[in-house]
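Here's the structure, in structure tokens; my notes come after.
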Amino acid sequence: MHAAPLVALVGNPNAGKSALFNALTGARQKVGNYPGVTVERHAGRLSLDDGRPVELVDLPGAYSLDPASPDERVTRDVLLGTQAGERTPDALLVVVDAANLDNHLRFTLQLLALGRPVVVALNMIDLAERDGLTLSPEVLARELGCAVVPTVAVRRRGLDELRAALSRALGEAIGTAPARQVEAPTEDMGALQRRARALSAEATLAETDTRRWTQALDAVALHPVAGPLILLALLFVMFQAVFSWSEAPVGWIEGAFKALEGWIEGTLPPGLLRSALADGAIAGVGAVVVFLPLILILFAFILALEASGYMVRAALLMDRLMAGVGLSGRAFIPLLSSFACAVPGIMATRSIEDEKDRLTTILIAPLMTCSARLPVYTIIIGALIPARTVVPGVGLQGLVLFALYILGIAGAFVAALALRRTVTKGSSSGFMMELPKYQWPRARDLLLGLWGRTLIFLKRAGTIIALTTIVLWVLLSFPRAPAGQSQVDWSVAGRIAGGIEQVVAPIGFNRDIALALIPAMAAREVAVAAIGTVYAVDDVEGEAGQKTVVENLRARWSLPTALAFLMWFVWAPQCISTIAVTRRETNGWRWPAFMLAYLFGTAYVMAGITYWLAVWAGL
Amino acid sequence: MLTRTLDSLPRRHAATVAAIDWAGLAAPEAKRLRELGFDAGVSVEVLHGSSLFGGPIACRIGRMTVALRRVVARAVAVEPDALPAE
Chain W
26 MHAAPLVALV
36 GNPNAGKSAL
46 FNALTGARQK
56 VGNYPGVTVE
66 RHAGRLSLDD
76 GRPVELVDLP
86 GAYSLDPASP
96 DERVTRDVLL
106 GTQAGERTPD
116 ALLVVVDAAN
126 LDNHLRFTLQ
136 LLALGRPVVV
146 ALNMIDLAER
156 DGLTLSPEVL
166 ARELGCAVVP
176 TVAVRRRGLD
186 ELRAALSRAL
196 GEAIGTAPAR
206 QVEAPTEDMG
216 ALQRRARALS
226 AEATLAETDT
236 RRWTQALDAV
246 ALHPVAGPLI
256 LLALLFVMFQ
266 AVFSWSEAPV
276 GWIEGAFKAL
286 EGWIEGTLPP
296 GLLRSALADG
306 AIAGVGAVVV
316 FLPLILILFA
326 FILALEASGY
336 MVRAALLMDR
346 LMAGVGLSGR
356 AFIPLLSSFA
366 CAVPGIMATR
376 SIEDEKDRLT
386 TILIAPLMTC
396 SARLPVYTII
406 IGALIPARTV
416 VPGVGLQGLV
426 LFALYILGIA
436 GAFVAALALR
446 RTVTKGSSSG
456 FMMELPKYQW
466 PRARDLLLGL
476 WGRTLIFLKR
486 AGTIIALTTI
496 VLWVLLSFPR
506 APAGQSQVDW
516 SVAGRIAGGI
526 EQVVAPIGFN
536 RDIALALIPA
546 MAAREVAVAA
556 IGTVYAVDDV
566 EGEAGQKTVV
576 ENLRARWSLP
586 TALAFLMWFV
596 WAPQCISTIA
606 VTRRETNGWR
616 WPAFMLAYLF
626 GTAYVMAGIT
636 YWLAVWAGL
Chain R
7 MLTRTLDSLP
17 RRHAATVAAI
27 DWAGLAAPEA
37 KRLRELGFDA
47 GVSVEVLHGS
57 SLFGGPIACR
67 IGRMTVALRR
77 VVARAVAVEP
87 DALPAE
């Protein structure tokens, strides 16, 4: 027999389930995976008043026991006791939105029919009261036949009462039916809905005007003309902020890494070890970590938009446009996240119910200009695109960067259109979403989300990126070239690059690029570090070694080559993490292989066209 | 008043769902619509029409606000409540 009884936290989406889970378990949480499916298992511990420990598992939000998505299937299977890797819960903690009983009680009725002990958390009772609802938990408890506790998870109200009710429910549970498979209730949805409405009406003592704030805000946010304009303005401010707010912190990080490099050069004797550390590891990791501020600002916006409830409105506004290429507005959220990084973007596609729709979104997500492309774009543009003013206030460099973003988006739309007519053919999926109430995003939740992102990013920079730059440094530094020979040409990496160069020469790529492409598979931003390492190793004491990467680029690259290189990066899926997450999310190698083929193929053709057009135009 | 479909209901005009053409909807859409509380006899109101280019509409159903595409709204027959006194 297990020591701690298992309690399942279950409820509709938007019931405030996760907030309640956080409030009850605090930091004592464990995130894992259910075997065989890509659904995360969130579990935590809480102690009842008598000191008994309870394991609380937060099940994915669902509308009923009849699943429409992989997430909802896990919820049903856990509740029925058929989910591999999970015990049958000893009791259920059902979370309902107090302001939306009509709807949420239907699922509650279904859950009660499972016959397990149930405690209902009447959550967000404060918002319901503000909405003009006066509810009676007593009536609800009497009619449902289980404990009903009013709670406000985000303000930690009602938690003690909830624990006490759980304690009583579990007390009853001991000695009742042992954990085993249970029958799914069969009552028809319409009948359940009518019972839920009747119950809700009975428990509602008074009701006045509803959701005034949300409706007032929506009158503007969803206005046929103002709505899209506001969305456009928000996106503009967001991208503007990513660049302007990050300037100062990027400078600090650059300074810190420069200082570290200087310290190593001053401390260690000249030689291979010093070169490996300073030119390899520190320079490589530094080139990547400087982009942390940009990523954090972008994610701060995305998290705030999601927490406030605006993101669903944005999805609504984008639905028409997305429907035009065979997608739905739901794809907007994953695609927007992909501007920061395609990995969380692809994971966010789980909320898309339609399989074909989801697959198409996954396949085009890598075309959104992720933050890892920025270092590549900015350094090449800075070095080779003239800093000319096109019209007052608009520089040529900024225009090129903007064009690269637009090219990615346009490319994604064309790709979606083509994919929906070929490999992911199917009837167009629908768009039906609940618009949650607007809420002021809570600083604590935002900071927790950002902290998680920071850890993931730094771990990546400290492991994959540090390792690839060191390996590249080793491959570039050995075998040592005899005097008078170029170290890079003589090295292992140089010889490998010689082979790659044969393939990429027709699209205008030189040996430096051929060298950078392989390590850049680990992460795009490594391309910059790799090119830097090439020049540093090539001629340590000589001219090239002393010059900055930018000066070297100016001396060695032609404009057509630079443009072809930029075009390559718009399309090429140069990111092992993206490929890995695609494999995980699509359960096999078929789709990641397809993604590699179609994106590399397009990258090659587009870069070639760009190069030859530029040469022909005499640039 | 005569029955009309939800997509043609004027904004901010309370109505009651008269019938839903479940058979005319794709199965997953019908299921989701049901789960969001659409059912005969429920009060409904269009809060926001589609944008300039004809996107989804937003409507209040019970105490929820739900966005749905016009093709789906067309499957929902509604009975407009009496016009409020001007």
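Quick mapping for you: the protein sequence lines, in order, are chains W and R. Mapping of the first sequence onto this note's numbering: position 258 corresponds to residue 283, and the numbering continues sequentially without gaps. Mapping of the second sequence onto this note's numbering: position 81 corresponds to residue 87, and the numbering continues sequentially without gaps. Glycine included, C-beta positions come from ideal geometry on N, C-alpha and C.
- Query: Within the 8 Å Cβ cut-off, does W:PRO249 reach chain R?
  - Reply: As a first step, residue 249 of chain W is located in the first sequence; it is residue number 224 there, counting from the start. True, the Cβ-Cβ gap to chain R drops below 8 Å.
- Could you check what DSSP says for W:ILE377 in three-state terms: helix, strand or coil? Position 352 of the first sequence holds residue 377 of chain W. Coil, per DSSP.
- Item | Where the alpha helix (DSSP H) through W:VAL606 begins and ends | The sequence position of residue 606 of chain W within the first sequence is 581, counting from 1. Segment 601 to 611, the alpha helix (DSSP H) holding W:VAL606.
- Query: In the stretch 491 to 549 of chain W, which residue ranges form an unbroken alpha helix (DSSP H) of at least 4 residues, counting only runs that do not cross its ends?
  - Reply: 491 to 502, 512 to 515, 517 to 529 and 536 to 542
- Query: Touching or not, the stretch 339 to 346 of chain W and the stretch 296 to 307 of chain W, by the rule of three or more beta carbon pairs under 8 Å?
  - Reply: no
- Query: For a contact meaning CB atoms closer than 8 Å, what does R:ARG75 contact in chain W?
  - Reply: Within the second sequence, residue 75 of chain R is the residue found at index 69, counting from 1. Correct list: ASP344, ALA348, GLY455, PHE456 and MET457.
- Query: Just how far apart, CA to CA, sit W:PRO295 and W:ALA441?
  - Reply: Residue mapping note: residue 295 of chain W aligns to position 270 of the first sequence, counting from 1. Residue mapping note: residue 441 of chain W aligns to position 416 of the first sequence, counting from 1. Those two C-alpha atoms are separated by around 53 Å.
- Item | R:ASP45: contacting residues in chain W (beta-carbon distance under 9 Å) | Indexing the second sequence from 1 puts residue 45 of chain R at position 39. Under the 9 Å cutoff, chain W gives MET214, GLY215, GLN218, ARG219 and ARG222.
- Message: Within a Cβ cutoff of 8 Å, which residues of the same chain sit near W:LEU360, ignoring the five residues on either side of it in sequence?
- Response: Taking the first sequence and counting its residues from 1, one reaches residue 360 of chain W at position 335. Counting only Cβ-Cβ distances below 8 Å, and skipping sequence neighbours, we find GLY370, THR386, ILE389, ALA390, MET393 and ALA437.
- Could you tell me whether the Cβ atoms of W:ALA146 and W:VAL103 are closer together than 8 Å? Indexing the first sequence from 1 puts residue 146 of chain W at position 121. Indexing the first sequence from 1 puts residue 103 of chain W at position 78. Not in contact: W:ALA146 and W:VAL103 (Cβ atoms no closer than 8 Å).
- Message: Tell me which residues of the stretch 76 to 101 of chain W have at least one Cβ-Cβ distance to chain R shorter than 8 Å, keeping chain order.
- Response: TYR88, SER89, ASP91 and ALA93
- Query: Should W:PRO507 be labelled buried (16 or more other beta-carbon atoms within 10 Å of its own) or exposed?
  - Reply: One-based indexing of the first sequence puts residue 507 of chain W at position 482. Flag for W:PRO507 reads exposed.
- Output, in chain order, the set of chain W residues within a Cβ distance shorter than 7 Å of R:ARG40. Looking up residue 40 of chain R in the second sequence gives position 34. Within chain W, the residues near R:ARG40 are MET214.
- Buried or exposed: where does W:MET228 fall if 16 or more other Cβ atoms within 10 Å of its Cβ makes it buried? By 1-based counting over the first sequence, the position of residue 228 of chain W is 203. What sits at residue 228 of chain W in the sequence shown is Ala, not Met. W:ALA228 should be labelled buried.
- Grouping DSSP H, G and I as helix and E and B as strand, with all else coil, what is W:ASN39? Locating residue 39 of chain W in the first sequence gives position 14, where the first residue counts as 1. Residue state, collapsed to three classes: coil.
- Is there at least one Cβ from chain W nearer than 8 Å to R:THR11's Cβ? Start at 1 with the first residue of the second sequence, and residue 11 of chain R comes out as number 5. Judged by the 8 Å Cβ criterion, R:THR11 is not in contact with chain W.
- Item | Contact belief for W:LEU429 with W:LEU591 at Cβ below 8 Å, rounded distance in angstroms | The residue given as residue 429 of chain W occupies position 404 in the first sequence. The residue given as residue 591 of chain W occupies position 566 in the first sequence. Sure, about 6 Å apart at Cβ, within 8 Å.
- Task: Pick helix, strand or coil for W:MET458, following the three-state DSSP scheme.
- Result: Start at 1 with the first residue of the first sequence, and residue 458 of chain W comes out as number 433. In the structure shown, W:MET458 sits in a strand (DSSP, three-state: E or B).
- Item | Contact list for the stretch 352 to 378 of chain W against chain R, Cβ threshold 9 Å | SER353, GLY354 and GLU378
- Message: Among the candidates R:LEU8, R:PHE44, R:ARG17 and R:ARG18, whose CA atom is the shortest distance from the CA of R:VAL98?
- Response: Residue 98 of chain R lies beyond the range of chain R shown here (7 to 92); nothing can be said about it.
- So, W:MET214 versus W:SER89, is the Cβ gap smaller than 8 Å? Working through the first sequence from its first residue, we reach residue 214 of chain W at position 189. Working through the first sequence from its first residue, we reach residue 89 of chain W at position 64. Their beta carbons are under 8 Å apart, which means W:MET214 touches W:SER89 by this criterion.
- Item | Paired residues, beta bridge with W:ASP382 - DSSP | Looking up residue 382 of chain W in the first sequence gives position 357. DSSP output for W:ASP382 lists no bridge partner at all.
- Using a C-beta to C-beta distance shorter than 9 Å, which residues of chain W count as neighbours of R:VAL72? Against the second sequence, residue 72 of chain R aligns to sequence position 66. Those within 9 Å of R:VAL72 in chain W are MET457, MET458, GLU459 and LEU460.
- Message: Counting only beta-carbon separations shorter than 8 Å, does R:ALA91 have a partner in chain W?
- Response: Numbered from 1 along the second sequence, position 85 holds the residue referred to as residue 91 of chain R. The pLDDT assigned to R:ALA91 is 46, lower than 50, so where the model puts this residue is not dependable; a value taken from the coordinates is nonetheless given after this. Output row for R:ALA91: interface = no.
- At a Cβ threshold of 8 Å, is R:VAL78 touching chain W? Looking up residue 78 of chain R in the second sequence gives position 72. Taking Cβ atoms only, chain W reaches closer than 8 Å to R:VAL78, which makes this a yes.
- Query: What does a CB cutoff of less than 8 Å around W:LEU297 pick up in its chain, not counting 5 residues either side in sequence?
  - Reply: Here residue 297 of chain W is taken as the residue at index 272 of the first sequence, counted from 1. Excluding residues within five positions, the ones whose Cβ falls inside 8 Å are SER502.
- Item | Under the three-state DSSP convention, the category W:THR414 falls into | Numbered from its first residue, the first sequence carries residue 414 of chain W at position 389. Note: W:THR414 maps to strand in three-state DSSP.
- Query: Does any CB atom of chain R fall closer than 8 Å to the CB of W:LEU341?
  - Reply: One-based indexing of the first sequence puts residue 341 of chain W at position 316. Output row for W:LEU341: interface = yes.
- Would you verify that the beta carbon of R:ARG69 is, or is not, closer than 8 Å to some beta carbon of chain W? Your numbering for residue 69 of chain R matches position 63 in the second sequence. Yes, its Cβ sits closer than 8 Å to a Cβ of chain W.
- Under the assumption that W:ALA408 contacts W:ARG579 (Cβ atoms under 8 Å), give the Cβ distance between them as a whole number of angstroms. Within the first sequence, residue 408 of chain W is the residue found at index 383, counting from 1. Within the first sequence, residue 579 of chain W is the residue found at index 554, counting from 1. Contact flag correct, Cβ pair sits at about 6 Å.
- Item | Under 8 Å between C-beta atoms of R:ARG69 and W:ASN125 | Within the second sequence, numbered from 1, the residue matching residue 69 of chain R stands at position 63. Within the first sequence, numbered from 1, the residue matching residue 125 of chain W stands at position 100. Yes, Cβ-Cβ distance for R:ARG69 and W:ASN125 is below 8 Å.
- Query: How would you list, in chain order, the residues of chain W whose beta-carbon sits under 7 Å from the beta-carbon of R:GLY30?
  - Reply: For the purposes of this step, residue 30 of chain R is identified with residue 24 of the second sequence, where counting begins at 1. None at all; the shortest Cβ gap to chain W is about 13 Å.
- Query: According to DSSP, is W:MET263 helix, strand or coil?
  - Reply: For the purposes of this step, residue 263 of chain W is taken as residue 238 along the first sequence, with counting starting at 1. In this structure, W:MET263 counts as helix in the three-state DSSP scheme.
- Among the residues of its own chain, which have a CB less than 7 Å from the CB of W:LYS462, if the five just before and after it don't count? In the first sequence, residue 462 of chain W corresponds to position 437, counting from 1. These residues qualify, in order along the chain: LEU152, ARG236, THR239 and GLY334.
- Message: On the DSSP bridge list, what partners appear for W:ASN148?
- Response: Residue 148 of chain W sits at position 123 when you count from the first residue of the first sequence. Its beta-bridge partners are W:ASP122.
- Message: Counting beta carbon pairs with one atom in the stretch 318 to 328 of chain W and one in the stretch 342 to 351 of chain W, are three or more of them shorter than 8 Å?
- Response: no
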